[in-house]
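Trainee: In full-length UniProt numbering, the protein residues as written are 180 to 401.
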Ligand code: PMT
């Protein structure tokens, strides 16, 4: 490890997009590449943590020393996280999870017939909120992808879901955030905040984990 700041600490992370099936050959997804979450997994392992990564479908290789559970849908990610979370000291939700899924996953390919096709969606479980609501929960860090008033909406999510920390990114600019190598984060916790300026995701992941390690240790001492 580069630093032992997280030596022996068990870190559970989610990364990447989810895929919500419409039929055997079609799905809905989003622009997440998994790069931010994989950079966090790599950095946590370098800091000495035992890392479990629950990953949606991405085109990245798993960092050395990281245990990866591959999933596709939100429901699968939810199930994997709820199983693994019992062992976790820190949970970081970096995945771009679909808020809704098609009500029907058709067993056969949907045929082209009508001029108009209407889809009905139902709400997916909120993995981060469920982790945060556990009676014996890990130090819980959420992400927030916002296109306006980043710090304001992120603080609302921090308080509503009772998170320990939230890392908010402005995903309105195309040079950072989703599916690029760069990102910037506004990190918020109950009594403070920090700006992590735009840089490559690997440097940013290290800076975020330094903050997480510091606050996790402070919590332990109380
Ligand atoms: O993967 P990259 O291309 O590197 O891009 C990185 C990123 C932009 C995807 C990442 O930095 C990021 O912002 N991830 C969170 C994206 C997101 O879904 O944000 P949100 O504001 O919709 O969700 C808020 C939080 O709730 C997130 O921690 C999310 O993981 C969690 N969530 C959301 C919905 C849901 N059903 N379950 C959840 O756990």
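Just so it is clear, CB atoms sit at the ideal spot from N, CA and C, and this is done for glycine as well. Please read these numbers as outputs of a predicted model, since none were measured by experiment.
Just the Cα atoms here: how many angstroms apart are residue 368 and residue 391?
Mentor: So the two alpha carbons sit approximately 10 Å from each other.
Trainee: What residue range is occupied by the uninterrupted alpha helix (DSSP H) comprising residue 208?
Mentor: Here residue 208 belongs to no alpha helix (DSSP H), and DSSP marks it neither H nor E.
Trainee: Is residue 366 closer than 8 Å to residue 325 when the C-beta atoms are compared?
Mentor: Result no, Cβ atoms of residue 325 and residue 366 do not sit closer than 8 Å.
Trainee: Would you say residue 193 and residue 261 are within 8 Å of each other, going by their C-beta atoms?
Mentor: In this structure, residue 261 does not lie closer than 8 Å to residue 193 by Cβ.
Trainee: Using a Cβ-Cβ cutoff of less than 8 Å, which residues in the same chain neighbour residue 186 once the five nearest sequence positions on both sides are dropped?
Mentor: 180, 226, 227 and 228, listed in sequence order.
Trainee: Which residues does DSSP list as the beta-bridge partners of residue 199?
Mentor: Answer is 207.
Trainee: Return yes when the Cβ of residue 323 is within less than 8 Å of the Cβ of residue 197, no when it is not.
Mentor: No.
Trainee: Start and end of the alpha helix (DSSP H) containing residue 329?
Mentor: From DSSP, the alpha helix (DSSP H) with residue 329 extends over 329-339.
Trainee: First and last residue of the alpha helix (DSSP H) that includes residue 297?
Mentor: Counting along the chain, residue 297 falls outside any alpha helix (DSSP H), and DSSP gives it neither H nor E.
Trainee: Would you decide whether residue 270 is buried or exposed? Buried here means 16 or more other CB atoms lie within 10 Å of its CB.
Mentor: Its Cβ being crowded by 16 or more others within 10 Å, residue 270 is buried.
Trainee: Can you tell me whether residue 243 sits near the ligand PMT, meaning its C-beta is under 7 Å from at least one heavy atom of the ligand?
Mentor: No, the ligand PMT has no heavy atom inside 7 Å of this Cβ.
Trainee: Measure the alpha-carbon distance for residue 385 versus residue 191 and round it to whole angstroms.
Mentor: The alpha-carbon atoms of residue 385 and residue 191 are separated by roughly 16 Å.
Trainee: Which two residues bound the contiguous alpha helix (DSSP H) that contains residue 280?
Mentor: Looking at the DSSP string, residue 280 is not in any alpha helix (DSSP H); the run it does join, the beta strand (DSSP E), is 279-281.
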